[in-house]
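A.B. asks:
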Amino acid sequence: MTTKREEPAQNADERTMLEGWLDYHRQTLAWKCEGLTDEQLRTASVPPSELSLMGLVRHMAEVERGWFRKVLAGEDPGPIYYSDQDPDGEFHLTEADTWQEAYGTWQAEIETARRNAAGVGLDDLSVGTGRSTGEPFNLRWIYTHMIEEYARHNGHADLVRERLDGATGD
């Protein structure tokens, strides 16, 4: 698999641009994971940190689920990998955890996110509300936050990948 990354057009309308940059950053994370074994993808970058590429993908599956299902649509799907007993469960990997499962789950959450956002305008408010404010979010805010979330974690992914096999790139 070769992940193709495309920046949105420089003259795109606002929604196309936001969705384009979000997809670009989703594709970047997938690209950072390409060509590695499950063992490499589970490998923590620098102990004592538990940060790994597979953990980042599982984390982003949780983030997609939280923002586009729980907040935007008001669904209560429950967590995928974490629990009250293990709030960082997405980063706690075992040899039984596979790239196929993590990637498939992440992609399913991305598809659900796209479906849930498809009929919502940028200024439309979410059904769910913020934990600290109790206020809803508009879709524009959610898209912007998701771009920021991916961009930050893609920086982590850059460092983890370089530590694993020396590969670098934007």
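Just so you know, we're using the numbering used here here: the sequence shown kicks off at 1373 and counts up by one. Virtual Cβ for every residue (Gly too), placed ideally from N, Cα, C. All values reported here derive from a predicted model rather than from experimental measurement.
Are the beta-carbon atoms belonging to residue 1480 and residue 1440 less than 8 angstroms from one another?
C.D. replies: no
A.B. asks: On the CB-based measure, 16 or more other CB atoms within 10 Å of its CB, does residue 1464 come out buried or exposed?
C.D. replies: Exposed: under 16 other Cβ atoms inside 10 Å.
A.B. asks: On the DSSP letters alone, give me the boundaries of the beta strand (DSSP E) that residue 1470 sits inside.
C.D. replies: Taken as a continuous stretch (DSSP letters only), residue 1470 belongs to no beta strand (DSSP E), as it is neither H nor E.
A.B. asks: Do residue 1515 and residue 1423 have their C-beta atoms closer together than 8 angstroms?
C.D. replies: no
A.B. asks: For the stretch 1468-1502, which segments carrying the beta strand (DSSP E) assignment without a break, of at least 3 residues, lie completely within its bounds, in sequence order?
C.D. replies: 1497-1501
A.B. asks: Quick one: is residue 1466 buried, meaning 16 or more other Cβ sit within 10 Å of its Cβ, or exposed?
C.D. replies: exposed
A.B. asks: Residue 1529 and residue 1390 - do their beta-carbons sit closer together than 8 angstroms?
C.D. replies: no
A.B. asks: Nearest to residue 1538 by alpha carbon, out of 1451, 1457, 1493, 1417?
C.D. replies: Nearest of 1451, 1457, 1493, 1417 to residue 1538, Cα basis: 1417.
A.B. asks: DSSP three-state label for residue 1526, please.
C.D. replies: helix
A.B. asks: Please look up how many angstroms separate the CB atoms of residue 1522 and residue 1397, rounded, as I've assumed it's under 8 angstroms.
C.D. replies: 3 angstroms
A.B. asks: For residue 1508, which residues does DSSP report across the bridge?
C.D. replies: 1501
A.B. asks: Select from 1388, 1401, 1531 the residue whose C-alpha is nearest the C-alpha of residue 1374.
C.D. replies: 1401
A.B. asks: Compare the C-alpha of residue 1532 against each of 1448, 1420, 1425, 1542 and name the closest.
C.D. replies: 1425
A.B. asks: Just list the alpha helix (DSSP H) runs in the stretch 1382-1446, keeping only unbroken ones of 4 residues or longer that don't cross its boundaries, in chain order.
C.D. replies: 1386-1405, 1410-1414, 1425-1436
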